[in-house]
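**Student:** Before anything else, here's the structure in question.
Residue numbers (my numbering): 20 to 1263.
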């Protein structure tokens, strides 16, 4: 509009041309006010709410002598790590009953108490154009009858009022409603910076909204899913409109679409995404309908688990329904979509997947039509397989395009699979209220159901003891792709030097930055076939696979030709050409040789490399979901978790996650078998509750002392046998230290259970009741479609960000977001990942406001599409809290970071590097609020956690030392700051080298602390009064104030001299710190005199990947980057980032983004445009793992001035060094764990 000449703009109220438009208008208003009542916890009488705990206490009695559990942790379970290694829970212990409190505005008066449709016959004077009539009960109890018509809404009765908007009508009718609605709008402003209104709340997690607990038989839908008001659970084809689509022909055409250029791939990928999304929705609807048909009919006769109970054909779709096995089976291998019903053997699947992987390109997903056209749905003890089996129509197969409609609402109403739930309760007031007779019947049922669980366990235990044969090994296709990339990297590294030397250098670079306990992680002994082996040479790992590939290149030509002809027969000509041009020599191998070599790569290279990345925090899983993603994206299978535990002996948090995931998967098979054994769906709540009690309840000695102890022994014996057979790992006493709520969460997601959000007492024998089990929803598996070019651009943006090339990072990130929107739409999870990454990049450029806008979009998508406690949602909470912190919204930042900490408590617990990083972030925010005592406690706990989990000499531990050093300096405890900074310098010098900028920063800080310590000693000797060091009184420095202390005419040529002096300083200080390091402890002794007042800021430099700093490029390291004052009043610093746990901290140095002189301001980045305009739409509030992002924080003015004094006392040469020191004083920020590199990849 701004490009037009002066004109008159008139907004005209559009008529409601259809009834659906008026219904949608009403639904939107109800959706906005839903947060005042739909998330509030039920107010029950005290006698009833205390009944469950009293029962629990009755069963909390003495343990058997041979069963001693450690003290219960704060979450109601036991810790996976001994208590002495766990961080302290500073805030009150999170409770499951508070899960929805974050979204609830129950303290406000609901503007609308009730709204329902009425019979039009009851309305006098019905007019043409009227659609429906409503009765609305507003907050003051007044009933208002309103008619919706084509022109708007009007009242019925003595007083006639009419308005185009229902909201305006109610505001004009009632001042009480107007006041209540105004209070709600103010609450939204307090909930997020933009005051965004909610858009379509969904019940999409394992915990149902609290009001459902009051009546389990009636699941009140959220307005967006309420069919009465035109809502639904999303998805396409709900009414069968796409059942007869020629799926086989369309998938065939899709695979033949041109894809050579970038533009062609965008068009092809968009078609593939739309077609596949529609196919997934239709398949899920058909599968669930077929399963319900079997459940409601007489077809569910028990038989062989592989026998087909129901087979249905609709057009090109084939639906097969099978009954799940009533036995706990050792499922092995990859569940490859498209081959379960094809009759292929395990070895044939392994061969096919390996060949698919080693010849994969950006079109691998689209061209595999068999996998693309298969969906597997598991629900209520049944498995439905939907596949495309129709013939390709020849008359249409030559078409060059697919006719398909765009997604409704741009994809904002994607299918919520939880909406297809089956409620397990029938209407029974006695059961809901816990009445006496119903409780007695449930008690009897629970006994019989517990016997059912015991029978299933005992039968499987017998089979496990009889059959000890190792299952046949399979291969994921991702393994082949990663293998080829590894071989190509090996080929590149051997061009200039010998292969052994180059591989040693690569291995050394990969370990760089790790502690002593990870030093030889990549040089560990290997155990082929689970048998102990002898120690091999240290550099054997990095050469094994490459030597195997090259070992047979000298074979006779006839053997090569035979192997080559075999591969040509198995794969297409294009695929063979790609394999031949890869330069790996794999095209000369036979299929059997390739499988053996791939398995050797799997055992000797891929698994140790995964653990190495865990140790360096390159990957940081927080739950079973992220752990599974990381392993699957590298082609690693979950049956290797036992081997990962063995390799991670120095990583207790990784061992804990793997053990929890193994136990969760073992329990999953038990629950599936028990559910499959139940004939009536009405019996499922009692049976599932009894199963959970058997698996997760504690062993007591109440009335049934011997039987309870026997149950525990049987469970433990079976678990050890099962874990040994499936994962090759022996369970010891880890079960006693289990985080049971984490296992419960993972179990619900794997089975498809929805529970009441209640504080389950895991220390009692029966923590679960039948009324806690609300419903079961389908669990679906399928391949995913997205933009391969978009994922490549996202990776390029991350790499540019790591190197400090902010302009390139912005360009790549913007292009990636544009492609993701063009392919997947504005509301897809991959689009949310692009939003999130671009938000981080913009944060680094200093555009905090736009970063918060994009991160809010990502959070809204994640909450709606993935779930309220998904790892990506956790990551969004953490990032957004950092952005709010930089925008000076302290209370809001604390609210979001505490939400992230709340969710982490139920996933990875307190003993995890990500939780430690979050503690440091919380400390910074608490300090900003003036709570310095709480801040120091968080910093101390984070340091202890990093030491115990990662080692005393890990680069992340150095970050914690530096954080506390800064905090102590702000308290004027400079002698303690010197000790901590000496430890920081020693670790950085040993791990990063003296030339690394982070090492030089530590040297600069140490020099400053030493000078201040001397000044303090001199002041104490002469009696000079100390200056005011109150943190709260200083506030944040503006850019203009900060630049006053930075020489504007300092020539960059002095940087070389400065770096030489700094390196000399590092080498000198390293000798001094040897003795001091040995005396430093973190048991709290250094805080004896420092616990009364504390605050801290942390240098973020220690967190990045080692490739993020390049000493050979001095132009990227000699300048300081200042933030435009229109956005913020702070100067921020260097950091690195990856994907799963994203850092969000401004770069301090950027070769592409800063001038050649100190103090030169970086050009302001305009707000990013997408497709030519700033992206926005009707859902401006909406925009989906890792968790807490770092944030920069300025230093009080007194420190800057004092450092200025230090500068003036130096010579000309040291003047450059002091100027650099001032920059380092400004580059202080929060610390985070590295995000992983796999967030935007497809999940299987």
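No residue lacks a Cβ here, since even glycine has one placed at the ideal position from N, Cα and C.
1. Select from 992, 986, 928, 996 the residue whose C-alpha is nearest the C-alpha of residue 112.
2. On the CB-based measure, 16 or more other CB atoms within 10 Å of its CB, does residue 767 come out buried or exposed?
3. Please go through the same chain and pick out, in chain order, the residues whose beta-carbon is closer than 6 Å to the beta-carbon of residue 791, but skip the five residues on each side of it.
4. Count the other CB atoms within 10 Å of the CB of residue 159; is the residue buried (16 or more) or exposed (fewer)?
5. Which residues share a DSSP beta bridge with residue 333?
6. Can you grab the Cα-Cα spacing for the pair residue 992 / residue 915, in whole Å?
7. Would you call the CB atoms of residue 439 and residue 793 closer than 8 Å?
8. For residue 32, which residues in the same chain have their Cβ closer than 7 Å to its Cβ, ignoring the five residues on either side in sequence?
9. In its own chain, which residues sit with a C-beta less than 6 Å from the C-beta of residue 35, not counting the 5 before and 5 after it?
10. Classify residue 300: buried if its beta carbon has 16 or more other beta carbons within 10 angstroms, exposed otherwise.
11. Taking only the alpha-carbon atoms, compute the straight-line gap between residue 389 and residue 642 and give it to the nearest angstrom.
12. In the DSSP output, what is residue 950 paired with across the bridge?
13. Using only the alpha-carbon positions, how far apart do residue 592 and residue 265 sit?
14. Would you kindly report the start and end of the unbroken alpha helix (DSSP H) that includes residue 672?
15. Among the residues of its own chain, which have a CB less than 8 Å from the CB of residue 128, if the five just before and after it don't count?
16. Are three or more beta carbon pairs between the region 611-629 and the region 470-490 nearer than 8 Å?
17. Short check: CB of residue 657 to CB of residue 684, under 8 Å?
18. According to DSSP, residue 135 sits in a beta bridge with which residue or residues?
19. Below 8 Å between beta carbons: does that hold for residue 847 and residue 219?
20. In the DSSP output, what is residue 397 paired with across the bridge?
21. Tell me the rounded alpha-carbon separation between residue 207 and residue 883.
22. Hey, would you say residue 222 sits closer than 8 Å to residue 228, going by beta carbons?
23. With a threshold of 8 Å on Cβ separation, who are the neighbours of residue 808 within its own chain once the five nearest residues in sequence on each side are excluded?
24. With 16 as the cutoff for other CB atoms within 10 Å, does residue 259 come out buried or exposed?
25. Does the distance from the CB of residue 987 to the CB of residue 979 come in under 8 Å?
26. With a CB to CB cut of under 8 Å and the five nearest residues on each side skipped, what residues in its chain are close to residue 173?
27. I'd like to confirm the pairing. Which residues does DSSP put opposite residue 986 in its beta bridges?
28. Starting from residue 871, trace the alpha helix (DSSP H) both ways and give me its first and last residue.
29. What separation, rounded to the nearest whole angstrom, lies between the Cα atoms of residue 941 and residue 302?
30. According to DSSP, is residue 298 helix, strand or coil?
31. Quick one: Cα of residue 896 to Cα of residue 878, how far?
32. Residue 343 to residue 700, Cα distance in whole Å?
33. Here's the rule: buried if 16 or more other CB atoms are within 10 angstroms of the residue's CB, otherwise exposed. What is residue 602?
34. Short of 7 Å in beta carbon distance, which residues of its chain neighbour residue 664, apart from the five on each side in sequence? Order them along the chain.
35. Taking Cβ positions, are residue 653 and residue 629 nearer each other than 8 Å?
36. Report yes if the C-beta distance between residue 771 and residue 797 is below 8 Å; otherwise report no.
**Tutor:** Working from what's here:
1. Numbered from its first residue, the chain shown carries residue 112 at position 93. Among 992, 986, 928, 996, the Cα nearest to that of residue 112 belongs to 928.
2. To locate residue 767, count along the chain shown from 1; it is residue 748. When all chains shown are included, residue 767 counts as buried.
3. On the chain shown, residue 791 is found 772 positions in, with the first residue counted as 1. Correct list, in chain order: 774, 775.
4. Taking the first residue of the chain shown as 1, we reach residue 159 at position 140. Per the 10 Å Cβ criterion, exposed.
5. For the purposes of this step, residue 333 is identified with residue 314 of the chain shown, where counting begins at 1. Answer is 336.
6. Position 973 of the chain shown, counting from 1, holds the residue named residue 992. Position 896 of the chain shown, counting from 1, holds the residue named residue 915. Each residue's alpha carbon lies about 32 Å from the other.
7. Here residue 439 refers to the residue found at position 420 when the chain shown is read from its first residue. Here residue 793 refers to the residue found at position 774 when the chain shown is read from its first residue. In this structure, residue 793 does not lie closer than 8 Å to residue 439 by Cβ.
8. By one-based count along the chain shown, residue 32 stands at place 13. Result list for residue 32: 183, in chain order.
9. Looking up residue 35 in the chain shown gives position 16. For residue 35, where only same-chain residues beyond five positions count, the Cβ hits under 6 Å are 41, 169.
10. Taking the first residue of the chain shown as position 1, residue 300 is located at position 281. Buried.
11. Residue 389 sits at position 370 when you count from the first residue of the chain shown. Residue 642 sits at position 623 when you count from the first residue of the chain shown. Using only the alpha carbons, I get a separation of about 31 Å.
12. Counted from its first residue, the chain shown places residue 950 at position 931. According to DSSP, which records beta bridges pairwise, residue 950 is partnered with nothing at all.
13. Start at 1 with the first residue of the chain shown, and residue 592 comes out as number 573. Start at 1 with the first residue of the chain shown, and residue 265 comes out as number 246. Each residue's Cα considered, the two are about 28 Å apart.
14. Against the chain shown, residue 672 aligns to sequence position 653. Here the alpha helix (DSSP H) through residue 672 covers 671-696.
15. Reading the chain shown from its first residue, position 109 is the one you call residue 128. Correct list, in chain order: 55, 158, 199, 202.
16. no
17. Here residue 657 refers to the residue found at position 638 when the chain shown is read from its first residue. Here residue 684 refers to the residue found at position 665 when the chain shown is read from its first residue. It is a contact, given that the beta carbons lie within the stated cut-off.
18. The residue you call residue 135 lines up with position 116 of the chain shown. Beta-bridge pairing links residue 135 to 154.
19. One-based indexing of the chain shown puts residue 847 at position 828. One-based indexing of the chain shown puts residue 219 at position 200. Not in contact: residue 847 and residue 219 (Cβ atoms no closer than 8 Å).
20. The count along the chain shown starts at 1 and reaches residue 397 at position 378. Answer is 402, 798, bridged to residue 397.
21. Counting from one through the chain shown, the residue named residue 207 turns up at place 188. Counting from one through the chain shown, the residue named residue 883 turns up at place 864. Their Cα atoms are separated by approximately 18 Å.
22. In the chain shown, counting from the first residue as 1, residue 222 sits at position 203. In the chain shown, counting from the first residue as 1, residue 228 sits at position 209. Cβ distance < 8 Å, so residue 222 and residue 228 count as in contact.
23. In the chain shown, counting from the first residue as 1, residue 808 sits at position 789. 281, 284, 285, 288, 381, 838.
24. Along the chain shown, read from residue 1 onward, the residue named residue 259 stands at position 240. Exposed: under 16 other Cβ atoms inside 10 Å.
25. For the purposes of this step, residue 987 is identified with residue 968 of the chain shown, where counting begins at 1. For the purposes of this step, residue 979 is identified with residue 960 of the chain shown, where counting begins at 1. No, the Cβ-Cβ distance between residue 987 and residue 979 is not below 8 Å.
26. Here residue 173 refers to the residue found at position 154 when the chain shown is read from its first residue. Excluding residues within five positions, the ones whose Cβ falls inside 8 Å are 165, 166, 179, 180, 181, 182, 188.
27. Along the chain shown, read from residue 1 onward, the residue named residue 986 stands at position 967. According to DSSP, residue 986 bridges with nothing at all.
28. Within the chain shown, the letter at position 852 stands for residue 871. That run of the alpha helix (DSSP H) goes 867-884.
29. Walking along the chain shown from the start, residue 941 turns up at place 922. Walking along the chain shown from the start, residue 302 turns up at place 283. Roughly 45 Å separates the two Cα atoms.
30. One-based indexing of the chain shown puts residue 298 at position 279. Helix at residue 298.
31. Within the chain shown, numbered from 1, the residue matching residue 896 stands at position 877. Within the chain shown, numbered from 1, the residue matching residue 878 stands at position 859. Using only the alpha carbons, I get a separation of about 7 Å.
32. Here residue 343 corresponds to residue number 324 of the chain shown, with the count starting at 1. Here residue 700 corresponds to residue number 681 of the chain shown, with the count starting at 1. Between residue 343 and residue 700, the C-alpha separation is close to 15 Å.
33. In the chain shown, residue 602 corresponds to position 583, counting from 1. The residue is exposed, with fewer than 16 neighbouring Cβ atoms inside 10 Å.
34. Taking the chain shown and counting its residues from 1, one reaches residue 664 at position 645. So the list reads 674, 677, 678, 748, once near-sequence residues are dropped.
35. Walking along the chain shown from the start, residue 653 turns up at place 634. Walking along the chain shown from the start, residue 629 turns up at place 610. Closer than 8 Å, so yes.
36. Here residue 771 refers to the residue found at position 752 when the chain shown is read from its first residue. Here residue 797 refers to the residue found at position 778 when the chain shown is read from its first residue. Taking 8 Å as the Cβ cut-off, residue 771 and residue 797 qualify as a contacting pair.
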